[in-house]
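Okay, so here's the structure we're looking at.
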Amino acid sequence: IIAQAARELGVLTVGVVTKPFQFEGAKRMRQAEEGVESLQKVVDTLIIIPNQN
Numbered sequence: 216i217i218a219q220a221a222r223e224l225g226v227l228t229v230g231v232v233t234k235p236f237q238f239e240g241a242k243r244m245r246q247a248e249e250g251v252e253s254l255q256k257v258v259d260t261l262i263i264i265p266n267q268n
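Residues in the sequence shown are numbered consecutively from 216, following the numbering used here.
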């Protein structure tokens, strides 16, 4: 919601997210992927940090 409001005001928006560890399971990874897809629609740049490395 904050990113969307900032974008509507013309503010440069950058999102930084981390992906779950593999041991957290497929369900959590699917939820993370869905969140990334939603966030990509409302930010100018999205930085995704994988936890596995």
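Built from N, CA and C at the ideal position, the CB exists for glycine as well. The structure presented is a predicted model; accordingly, all values stated were derived computationally and were not measured.
Contact set for residue i: own chain, Cβ-Cβ below 7 Å, skip 5 residues either direction
i	result
residue 237	267
C-beta atoms of residue i and residue j nearer than 8 Å
i	j	result
residue 234	residue 247	yes
Assumed close pair residue i, residue j - CB separation to whole angstroms, cut-off 8 Å
i	j	result
residue 264	residue 231	7 Å
residue 229	residue 258	6 Å
Own chain partners of residue i with C-beta closer than 6 Å, once the 5 adjacent residues on each side are dropped
i	result
residue 243	235
residue 221	228
residue 260	229
residue 249	none
residue 251	none
residue 262	231
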